[in-house]
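Undergrad: If you read the protein sequences in the order shown, they are chains A and B. Here the first sequence is numbered in the numbering used here, starting from 1 and rising by one per residue. Here the second sequence is numbered in the numbering used here, starting from 1001 and rising by one per residue. From the three backbone atoms N, C-alpha and C, an ideal C-beta is built for every residue, glycine too. The structure under discussion is supplied below as structure tokens; questions concerning it will follow.
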Amino acid sequence: MDTRKDEKLLVSKIENGTVIDHINSGRALVVLKILNIKGNEGYRIAIVMNVPSTTMGKKDIVKLEDYYPNSEDLEKISLISPNATINIIKDYEVIKKYKVEIPNKIKGTLKCNNPTCITRKSNEPITSSFTLLSKDKIKLQCDYCGSILTEDDVIKELIGESQ
Amino acid sequence: MINMGWYNKDVVNILDFSREDIELLFSKADEMRAQLKDKSVKKTLSNKIIGIAFFEPSTRTRMSFETAAKRLGADTVGFTGEEGTSVAKGETFADTIKMIDSYVDAIVLRHKFEGAALFASGIAQNPVINGGDGKSHHPTQAMLDLYTTKTLFGEIDGLTFALIGDLKYSRTVSSLIYGLSMFKPKEIILISPQQLKLREEIKLFAVDHGLKIREEENIEAISEADIIYVTRIQKERFPDLQEYEKVKGSYKINKKILETHAKKTAKVLHPLPRVDELSPDVDNTNYQAYFLQASLGVPLRMALLSLVLGGD
């Protein structure tokens, strides 16, 4: 008999902090890298990976005690997990819940992958700027040189390595 | 009369203009051509100074802009190459543009970095005209290529274009494809070695804008073309010179190839300079139209400067 259906992954609730839910499966560690959390900061953190999800098939969850991501972090998370939801917890209750949203313009967050793009010229007062071409399979286009950034390029750019 | 589609506008990307704007430019260029022929050009820009800021080498674009400006009575100041400028001392591009902008009425800019003209247009108060930025755009060359086509065939719609050679790094090719998206060409045949195929983002653009494109590797594919547009392999844009060595000399258009495969009425264009991809034995054939193309650069750029600077 398959008992797996009855099995629950036990992760305790957090008192105050953030639960990032509906992260694309396998991307929880990328989320932590984006948040620049290495584990030695002292936050209580729970990471749940590859658990069943009715809407996504499989998903990851990250629970962060006493940690609240800023809007720049959320923009980055939206690029690698467009369905992620943010739950702000106070006294064990969800007081605010919202979905991350990929902006149509992404300014300053990412570097263009074309070495001869003007945004890569050193010392120039210029901010990178990308237009969102596709949400489902992330595709961005540099507003200056027209280069395309795929999902893999974005992950590489955000965490400095391929996944 | 001032035309609001052009007056005081930056010319960074040909797509910043409509087909109507481009057709107005062509009729204005026809007027300039007639005036040049009759030696009756009016000095309508005599109170203007145009800055020529060419961070990369150029012969035709720079000289045709300077000639165009001077024919209309404007003066020009500027430089070619970073040597001898404060850029060589480490001045930022942004500062250089800010300074030139405070001296002149318009800046014609060429730079090896893609997006340089767009960046400059955000800094300068006066119009910035893109004379080529890296492999991205060369809008006035595309306007010239379309104008030459119209001069030769009377129309652009319904024609078949074969674009040959370095389709990957050529800014004239990408700008021409952007420009053709405003018209209704029958087909664009892209002929190049595997390593020099058109960049994905331009291909996507062409498909999204309803252009019928076909990729080929054999030169025989020119057989249906009305315009055979040949480009040079641009050594200076290759990140790896070994890659350049692999494709160097990989195609060559000559009289025999044209006589064997091309339509009798086909015309060969080339943005020039040429190296070895277009044989001099084509020069004295009926196919040759690249010298006409180069010469039309002056009236076309006179029309453009006149429209941008309100020279009527």
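1) Using a Cβ-Cβ cutoff of 7 angstroms, what residues of the segment 107–125 of chain A are near chain B? List them in chain order.
2) For residue 1201(B), return the contacting residues in chain A, with the cut-off set at a CB-CB distance below 8 angstroms.
3) Is it true that the CB of residue 119(A) sits closer than 8 angstroms to the CB of residue 1313(B)?
4) Buried or exposed: which applies to residue 1285(B), given that a residue is buried once 16 or more other Cβ atoms fall within 10 Å of its Cβ?
5) In the segment 1025–1093 of chain B, which residue ranges form an unbroken alpha helix (DSSP H) of at least 4 residues, counting only runs that do not cross its ends?
6) Does the beta-carbon distance from residue 146(A) to residue 89(A) come in below 8 angstroms?
7) Measure the Cβ-Cβ separation of residue 1233(B) and residue 1165(B) and say whether it is below 8 angstroms.
8) Please state whether the Cβ-Cβ distance between residue 1182(B) and residue 1002(B) is less than 8 angstroms.
9) Specify, as a first and last residue, the run of the alpha helix (DSSP H) that residue 1104(B) falls within.
10) Does any residue of chain A bring its CB to less than 8 angstroms from the CB of residue 1024(B)?
11) Three Cβ pairs or more, each shorter than 8 angstroms: is that satisfied between the segment 1200–1213 of chain B and the segment 1244–1264 of chain B?
12) Applying a beta-carbon distance threshold of less than 7 angstroms, which residues of chain A neighbour residue 1112(B)?
13) Give the secondary structure of residue 1203(B) by DSSP, where H, G and I count as helix, E and B as strand, and everything else as coil.
14) Any idea which residues DSSP pairs residue 52(A) with across the strands?
15) For residue 1332(B), name the three-state secondary structure that DSSP assigns.
16) For the pair the segment 16–35 of chain A and the segment 59–70 of chain A, tell me if three or more CB-CB distances fall below 8 angstroms.
17) Under the three-state reduction of DSSP, which class applies to residue 75(A): helix, strand or coil?
18) Quick one, are the C-beta atoms of residue 85(A) and residue 97(A) less than 8 angstroms apart?
19) Quick check: what's the CA-CA separation for residue 1094(B) versus residue 1038(B)?
20) Evaluate residue 1243(B) with the Cβ neighbour count: other Cβ atoms within 10 Å of its Cβ, from every protein chain shown; 16 or more gives buried, anything less gives exposed.
21) Measuring only between beta-carbons, confirm whether residue 1136(B) sits less than 8 angstroms from chain A.
22) Quick one: what's got a C-beta closer than 7 angstroms to residue 1276(B)'s C-beta in the same chain, skipping five residues either side?
23) Identify, in the order they occur along the chain, each residue of the same chain with its Cβ nearer than 6 angstroms to the Cβ of residue 3(A), setting aside the five sequence neighbours on each side.
24) Taking the straight line between their C-alpha atoms, what separation do you get for residue 1235(B) and residue 1309(B)?
25) Can you name, in chain order, every residue of its own chain whose Cβ lies under 8 angstroms from the Cβ of residue 1238(B), other than the five neighbours on each side?
26) Could you compute how far the alpha carbon of residue 1132(B) sits from the alpha carbon of residue 1272(B)?
27) Let me know the secondary structure DSSP gives residue 1263(B) once reduced to three states.
28) Is residue 1069(B) near residue 1080(B), with beta carbons less than 8 angstroms apart?
29) Would the beta-carbon of residue 1071(B) fall within 8 angstroms of that of residue 1294(B)?
30) For residue 113(A) and residue 1256(B), what's the separation of their Cα atoms in angstroms?
31) Only counting the same chain, and skipping five residues up and downstream in sequence, which positions put a Cβ closer than 7 angstroms to that of residue 13(A)?
32) How far does the alpha helix (DSSP H) with residue 1296(B) in it reach, from first residue to last?
33) Taking the straight line between their C-alpha atoms, what separation do you get for residue 1119(B) and residue 79(A)?
34) Go through its chain and collect everything with a Cβ distance to residue 1(A)'s Cβ below 7 angstroms, but skip five positions before and after it.
35) With respect to the beta strand (DSSP E) encompassing residue 141(A), which residues constitute its N-terminal and C-terminal limits?
36) Evaluate the contact criterion for the segment 1133–1151 of chain B versus the segment 1257–1264 of chain B: three or more CB pairs, one atom per stretch, below 8 angstroms.
TA: Once the coordinates are examined:
1) 114, 116, 117, 118, 119, 121, 123, 124 and 125
2) As a working mapping, residue 1201(B) is identified with position 201 in the second sequence. 141, 146, 147 and 148, listed in chain order.
3) Outside the displayed span of chain B (1001 to 1312) sits residue 1313(B), for which this structure offers no information.
4) By 1-based counting over the second sequence, the position of residue 1285(B) is 285. Its Cβ having fewer than 16 others within 10 Å, residue 1285(B) is exposed.
5) 1060–1071
6) Indexing the first sequence from 1 puts residue 146(A) at position 146. Indexing the first sequence from 1 puts residue 89(A) at position 89. The answer is no: Cβ separation not under 8 angstroms.
7) Residue numbering aside, residue 1233(B) sits at position 233 when the second sequence is read from its first letter. Residue numbering aside, residue 1165(B) sits at position 165 when the second sequence is read from its first letter. Yes. Within cutoff.
8) As a working note, residue 1182(B) is residue 182 in the second sequence. As a working note, residue 1002(B) is residue 2 in the second sequence. No. Outside cutoff.
9) Here residue 1104(B) refers to the residue found at position 104 when the second sequence is read from its first residue. Element bounds for residue 1104(B): n/a, residue is neither H nor E.
10) Within the second sequence, residue 1024(B) is the residue found at index 24, counting from 1. Cβ-Cβ to chain A under 8 angstroms: no for residue 1024(B).
11) no
12) As a position in the second sequence, residue 1112(B) is number 112, starting the count at 1. What residue 1112(B) touches in chain A: 116.
13) Against the second sequence, residue 1203(B) aligns to sequence position 203. Residue 1203(B) falls in the helix class under three-state DSSP.
14) On the first sequence, residue 52(A) is found 52 positions in, with the first residue counted as 1. Per DSSP, 58(A).
15) No answer is possible for residue 1332(B): the residues shown for chain B start at 1001 and end at 1312.
16) yes
17) By 1-based counting over the first sequence, the position of residue 75(A) is 75. Helix.
18) If you number the first sequence from 1, residue 85(A) lands on position 85. If you number the first sequence from 1, residue 97(A) lands on position 97. Against a cut-off of 8 angstroms, the Cβ pair of residue 97(A) and residue 85(A) comes out as a contact.
19) For the purposes of this step, residue 1094(B) is identified with residue 94 of the second sequence, where counting begins at 1. For the purposes of this step, residue 1038(B) is identified with residue 38 of the second sequence, where counting begins at 1. Between residue 1094(B) and residue 1038(B), the C-alpha separation is close to 42 angstroms.
20) Here residue 1243(B) refers to the residue found at position 243 of the second sequence. Burial call: exposed.
21) Mapped onto the second sequence, residue 1136(B) falls at position 136. So, interface residue.
22) In the second sequence, residue 1276(B) corresponds to position 276, counting from 1. So the qualifying residues of the chain are 1249 and 1252.
23) On the first sequence, residue 3(A) is found 3 positions in, with the first residue counted as 1. In this prediction, residue 3(A) has a pLDDT of 47, which is less than 50 and means its spatial position is unreliable; what the coordinates show is noted afterwards. Hits under 6 angstroms: none found.
24) In the second sequence, residue 1235(B) corresponds to position 235, counting from 1. In the second sequence, residue 1309(B) corresponds to position 309, counting from 1. The straight-line gap from Cα to Cα measures roughly 35 angstroms.
25) The count along the second sequence starts at 1 and reaches residue 1238(B) at position 238. The residues are 1169 and 1244.
26) For the purposes of this step, residue 1132(B) is identified with residue 132 of the second sequence, where counting begins at 1. For the purposes of this step, residue 1272(B) is identified with residue 272 of the second sequence, where counting begins at 1. For residue 1132(B) and residue 1272(B), the distance between alpha carbons rounds to 14 angstroms.
27) Translated into positions along the second sequence, residue 1263(B) becomes position 263. Coil.
28) If you number the second sequence from 1, residue 1069(B) lands on position 69. If you number the second sequence from 1, residue 1080(B) lands on position 80. Result no, Cβ atoms of residue 1069(B) and residue 1080(B) do not sit closer than 8 angstroms.
29) As a working note, residue 1071(B) is residue 71 in the second sequence. As a working note, residue 1294(B) is residue 294 in the second sequence. It is not a contact, given that the beta carbons lie outside the stated cut-off.
30) As a first step, residue 113(A) is located in the first sequence; it is residue number 113 there, counting from the start. As a first step, residue 1256(B) is located in the second sequence; it is residue number 256 there, counting from the start. Approximately 43 angstroms, taken between the alpha carbons.
31) For the purposes of this step, residue 13(A) is taken as the residue at position 13 of the first sequence. Answer for residue 13(A): 92, listed in chain order.
32) The count along the second sequence starts at 1 and reaches residue 1296(B) at position 296. From DSSP, the alpha helix (DSSP H) with residue 1296(B) extends over 1290–1309.
33) Locating residue 1119(B) in the second sequence gives position 119, counting from the first residue. Locating residue 79(A) in the first sequence gives position 79, counting from the first residue. If I take the Cα positions, the gap works out to 25 angstroms.
34) Taking the first sequence and counting its residues from 1, the one referred to as residue 1(A) is at position 1. Reliability of the predicted coordinates at residue 1(A) is poor, the pLDDT of 46 falling under 50, and the value obtained from them is presented with this limitation in mind. Around residue 1(A): no qualifying Cβ.
35) Here residue 141(A) is taken as the residue at index 141 of the first sequence, counted from 1. It spans 139–142 - the beta strand (DSSP E) in which residue 141(A) sits, taken as one unbroken run.
36) no
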